[in-house]
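Reading through the C-alpha cells given below for one structure.
Chains as they are written, first to last, in the working numbering: chain A, 1 to 322; chain B, 1001 to 1322.
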C-alpha cells in the first residue's frame, strides 16, 4: 500500500499545544495535545516529541512525514524563532525551527498563529482561490494574517500582521505591549470584558453581569447574557462592533481585500458580533469600497483548527517549491 | 545602430499631463507636457496623441516603443479604466488602456499615481531591491502605494492604497470622499492649510500667515513661514507630523515595511516635516517595531518624476513576463 504523505501541524498555545498529522487535503489522521507547561523550552520540546511519537503510533505504518508546520505566539517566519513570547516562560529567543528540523529531519516552518490561520483558510477553508483577504483572530488578544497577491504578508522583519496593535485611542486602555489604546484592548475576549465593566460603571441599568466578578466574566457568559436580551451585554457587542468595524473600514482603504474572515472564541457569538461589525464597517467605508467585501466566519471547524493552519503552512511551502 | 527600447510614461494630472520616453534604466530621452483640459476624454486623447508624436520626433529614428505606462487619478489596474475621477471632467468610467493600446499597438498598463510612484521608486529610486515598502504622496490629497513581497498591492478590486482615507476622527474635518476625518484632510497640502487656519483661530499669537487669505495659503508659504521661525507654521507641521506619524505606526504594525518613502509637494519642507513625522511614528510604535523602519525622501528627482513612475509600471510588467 502506498504511504499517505502527512504534515505534522503544531499549534503552540499559552496553555496547551495541539498536534495533528494532516494530509494534503486538510484531513487530520491523528491528533492530540500536550501541556505547553510552566517550564523551559527544552523540557517542553521533550514532552512534545514524546506526544508526537505516541500520536503517530497508530498510523505510522501507513504515513510518511514530509514536513512540520508550527504556529506560535511571536513566531518569526524568516528566522524560525519564537521571540519574547508574552505568555510563555521561555528564553528571549528560541530557534524552534532549527531544533525541530534537527529532530525530525524534514522541512520545518514556523509563523504566528494568525498567519497560520490565514494559510489554513486559503488551503482548506473559506478562502480557497482568494488572492487578497485577511484573517482576524479574536481570542485572548487580537491577531491577524494578511494575504496580499496570494502570499502572506510577513513584512520586512517577519512580524507583520499586528492588527491588534493599531491605535484606537492614544489615551485609551493600557495594553500588554506597553502602549495605550491598542485595538486588542477593545476587541478581543478580554477587551469585551473590559467594555462590559466600563458600561456597568457608566450606566445605572441592572444586568445579570453585575452578579459576576471581573475574573469570572468571559466571552461565553457575555454572549449568553446578550442572547438572553441583557442590554449591557448587547451594548458591549455594539461597542466592540463599532470599533472593529471602523478599523476594518481602514483596512479596506489600504488593501481592498475580497474577504475578512473572523476566527476564534469571540466569534461564537455569531450574529451578535457579526451584525454590528458589518454595519459599522460599511457605514465607515469610503464610498468606492462599499458593498464589496465579504465578512465571513472561519471555514476551519472542529477542535483541530489551529493545527490545520499550522499544517497548511508547511503544505503551502512544499507546494510552492514546484 | 541598434534601436533603444523605450516605454512611454504618461502621468495624467488634474491640470497637466506629462509624458516622457524612458529607457530601461530610468533615463528620459524626451519629455513634454500637455494640458489635461476642461473638455472630455476624447478631446484629451487627441491632444495627447499629437503631443506624443511631437515629443517623439527628435528621437524617433533611434528608439523602439515597447509599451505605455499610465498613472491617473482613480486608475484601476485590473480593468485599465479611470473611474469617477474627482478632478477630471470625464465620463464616469473611461477604458483608457483599451483606447491607448489600440492606438499604439503595444502593451499598455494603468494605475493610480501613487502606485506608479511606488514602482518608480522600486525600479529607479531609493527602493531598489526592497520587497516591502510604501510610498506616501503628499500633494493636494494623500495617496499611497504599498509593495508587499515585491509586488504592488492592488487589492481585490484594483483600488487598494487609499491611505488618505483611513479615519483619524469620525467627527473630524469634511473630506471630498463624502466622509469625515479622513487622513488627507489633515495630512496633505490642503490639510496643513486647514490646520494653520485652525491654529490661527485657536491661538492669539501673531503670525505672518494672518496676512494671507485661505485661498492664497499653500504648502510653500507655510514652509517658508516655518523656516523663518513662525510659531503657528511650526506648530502646523508638528500637528501634521503627529497625525501622519500615528498612522504610519499603525501601518508598521500591519505590514512591517522596510521603508516609508514620502513624496510630493509637502516634502519640500524637508526636516520641518520629516522630523516630527519620524519622532511621533517611533513614539507611537509597538515596541518590537521600534527603530526598524527607514523614513525616506523620494529618490525620483527632477521634473519628470511622475512620468518615471508611469514608465516603471510598464517596464515592470514587461520584465515580469520573463
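We put the CB at the ideal spot given by N, CA and C, even for glycine. Quantities reported herein were computed from a predicted structural model and do not represent experimental measurements.
Residue 287/A: contacting residues in chain B (beta-carbon distance under 7 angstroms): Proximity of chain B to residue 287/A at the Cβ level (cut-off 7 angstroms) is accounted for by 1177, 1178, in chain order.
Anticipated Cβ contact below 8 angstroms, residue 1355/B with residue 1188/B, distance rounded: Nothing about residue 1355/B can be reported from this structure: the residues present for chain B run from 1001 to 1322 only.
Residue environment, residue 72/A, which counts as buried when at least 16 other CB atoms sit within 10 Å: By the neighbour-count rule (16 or more Cβ atoms within 10 Å), residue 72/A is buried.
Other residues of its chain near residue 20/A: CB distance less than 6 angstroms, five sequence neighbours each side excluded: Annotation for residue 20/A: 9, 28, 31, 304, 307 place their beta carbon closer than 6 angstroms to its own, counting only its chain and skipping 5 residues before and after.
Short CB-CB distance (under 9 angstroms) between residue 246/A and chain B: Closer than 9 angstroms to some Cβ of chain B, the Cβ of residue 246/A qualifies, so yes.
Residue-chain proximity (residue 1316/B, chain A), Cβ-Cβ < 9 angstroms: No, its Cβ sits nowhere closer than 9 angstroms to a Cβ of chain A.
Cβ neighbour criterion (16 or more within 10 Å) applied to residue 213/A: Its Cβ having fewer than 16 others within 10 Å, residue 213/A is exposed.
One or two residues paired with residue 328/A in a DSSP bridge: In the structure displayed, chain A extends from 1 to 322; residue 328/A sits before or after that span and is not available.
Residue nearest to residue 288/A in terms of C-alpha spacing, selected from 1247/B, 1122/B, 1085/B: If we check each option's Cα against that of residue 288/A, 1085/B comes out closest.
Within 9 angstroms, strictly: CB atoms of residue 1260/B and residue 1226/B: In this structure, residue 1260/B lies away from residue 1226/B, with their beta-carbon atoms at least 9 angstroms apart.
Cβ contact (3+ pairs, closer than 8 angstroms) linking the stretch 1127 to 1135 of chain B and the stretch 1076 to 1091 of chain B: Contact fails: fewer than three Cβ-Cβ distances are below 8 angstroms.
Segments of 3+ residues assigned as beta strand (DSSP E) that fall wholly inside the stretch 1048 to 1095 of chain B: The beta strand (DSSP E) runs of length 3 or more contained entirely in the stretch 1048 to 1095 of chain B are, from start to end of the chain, 1063 to 1071, 1081 to 1083.
Sequence-distant residues of its chain with Cβ nearer than 7 angstroms to residue 1177/B (five each side left out): Contacts found: 1165.
Proximity to residue 4/A [Cα-Cα], best of 196/A, 42/A, 59/A: Among 196/A, 42/A, 59/A, the Cα nearest to that of residue 4/A belongs to 59/A.
Residue 1148/B at chain A interface by Cβ criterion, 9 angstroms: Taking CB atoms only, residue 1148/B has a neighbour in chain A less than 9 angstroms away.
C-alpha gap between residue 1075/B and residue 7/A, whole angstroms: Computed Cα separation, rounded: 43 angstroms.
Segment contact, 8 angstroms Cβ cut-off, at least three pairs: the stretch 251 to 259 of chain A with the stretch 276 to 292 of chain A: Between the stretch 251 to 259 of chain A and the stretch 276 to 292 of chain A, the count of Cβ pairs shorter than 8 angstroms is three or higher; the stretches touch.
Buried versus exposed call for residue 179/A [16 or more other C-beta atoms within 10 Å across all chains shown]: Buried, since its Cβ has 16 or more Cβ neighbours within 10 Å.
CB-CB length for residue 125/A against residue 13/A, believed under 8 angstroms: About 19 angstroms separates the two Cβ atoms, so there is no contact after all.
Residue 1143/B - partner residues in DSSP beta bridges: Beta-bridge partners of residue 1143/B (DSSP): 1137/B.
Cα-Cα separation, residue 1174/B to residue 1297/B: Rounded to the nearest angstrom, the two C-alpha atoms are 29 angstroms apart.
Any chain A beta carbon closer than 9 angstroms to residue 1111/B: No, its Cβ sits nowhere closer than 9 angstroms to a Cβ of chain A.
Residue from 154/A, 223/A, 268/A, 282/A whose Cα sits closest to the Cα of residue 79/A: For residue 79/A, the nearest C-alpha among the options comes from 154/A.
Three-state class that DSSP yields for residue 1166/B in the structure shown: For residue 1166/B, the secondary structure class from DSSP, reduced to helix, strand or coil, is coil.
Cβ pair residue 1066/B, residue 1106/B closer than 9 angstroms: The answer is yes: Cβ separation under 9 angstroms.
Candidates 35/A, 223/A, 69/A, of which the one nearest residue 237/A by Cα: Measuring from the Cα of residue 237/A, the nearest candidate turns out to be 223/A.
Closer than 9 angstroms to chain A by CB, residue 1251/B: Interface residue, yes.
Host beta strand (DSSP E) of residue 1296/B (start-end): Counting along the chain, the beta strand (DSSP E) containing residue 1296/B begins and ends at 1294 to 1297.
Whole-Å CB distance - residue 1241/B paired with residue 1203/B, under 8 angstroms assumed: With a contact defined as Cβ atoms closer than 8 angstroms, residue 1241/B and residue 1203/B miss out at about 18 angstroms.
Endpoints, alpha helix (DSSP H) assigned at residue 214/A: First-last for residue 214/A: undefined, no H or E at that position.
Positions along the stretch 1184 to 1210 of chain B whose CB lies within less than 9 angstroms of some CB in chain A: Residues of the stretch 1184 to 1210 of chain B whose Cβ lies closer than 9 angstroms to any Cβ of chain A: none.
Test item: CB-CB of residue 11/A and residue 219/A under 9 angstroms: By the CB criterion at 9 angstroms, residue 11/A and residue 219/A fall outside the cutoff.
Min CB distance residue 167/A to chain B below 9 angstroms: At least one chain B Cβ lies under 9 angstroms of residue 167/A.
Residue-chain proximity (residue 1063/B, chain A), Cβ-Cβ < 9 angstroms: Judged by the 9 angstroms Cβ criterion, residue 1063/B is not in contact with chain A.
Residue of 121/A, 171/A, 167/A, 159/A minimising C-alpha distance to residue 150/A: Between residue 150/A and the set 121/A, 171/A, 167/A, 159/A, the nearest pair of CA atoms involves 121/A.
Beta-carbon contacts of residue 1322/B that lie in its chain and below 7 angstroms, excluding the five residues immediately before and after: Residue confidence for residue 1322/B is low, a pLDDT of 45 falling below 50, so the modelled location carries little weight and cannot support an answer.
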